[in-house]
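Quick note, the sequence shown lines up with residues 0 to 156 if you use numbering that gives the first Met the number 0.
Below is one structure, written out as structure tokens, with a few remarks after it.
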Amino acid sequence: MVQPLGRGKVAVLVLLLIGAGLYAGIAFSMKVTDQPEFCGSCHVMYEAVRTHQVSPHANLACNECHAPETGVPKIVFKARAGTKDIYQNTLGDVYDVIHASDKTKDVVNDSCIRCHFMTILNVSEKMVEAKPYCTDCHRSVPHMSKLPISERRVSDE
């Protein structure tokens, strides 16, 4: 005869199932909200997504550059940024031009360095001191400007 599970074991099993469900839900939502289709669903971001899709970085998800790499820092960063964006776009003034905060610039710069580490080794210290963010010189790389492709440059002056 099969022994019934005790209350403690049932509670642990239920908690494990709830934890697995929460983990799966968070993982799914993190993946979905990283994608250009999600980001471009907001009219303010449409141009950024469109220009990203014709850039050399088109194969990357938005948050491969715009959020910390993984884990709790990524979740916290996305929650803060998402809450701010929702508030700004529903109750605040919608900006014509999106300007990155210093925190976002730091995250994007870390992403550039993570992927382009070998190239960055060849950049002189004086250049880094003069222009601390990769996007100070390479502003139009991930989001190409509105110029025709034949007239676009890798870096801005």
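From the three backbone atoms N, C-alpha and C, an ideal C-beta is built for every residue, glycine too.
Selection 62, 83, 82 evaluated against residue 73 yields 62 as nearest (Cα-Cα). Taking a cut-off of 8 Å for Cβ pairs, the region 42-51 and the region 85-98 touch, as three or more such pairs fall below it. Contact annotation: residue 131 and residue 51 have beta-carbon atoms that are not nearer than 8 Å. Taking all protein chains in view, the Cβ of residue 98 is surrounded by fewer than 16 other Cβ atoms within 10 Å, so the residue is classified as exposed. Remark: C-beta atoms of residue 65 and residue 106 approach each other more closely than 8 Å. Relative to the Cα of residue 59, the nearest Cα in the group 139, 110, 87 belongs to 110. Per the coordinates, the alpha-carbon of residue 80 lies some 12 Å from the alpha-carbon of residue 67.
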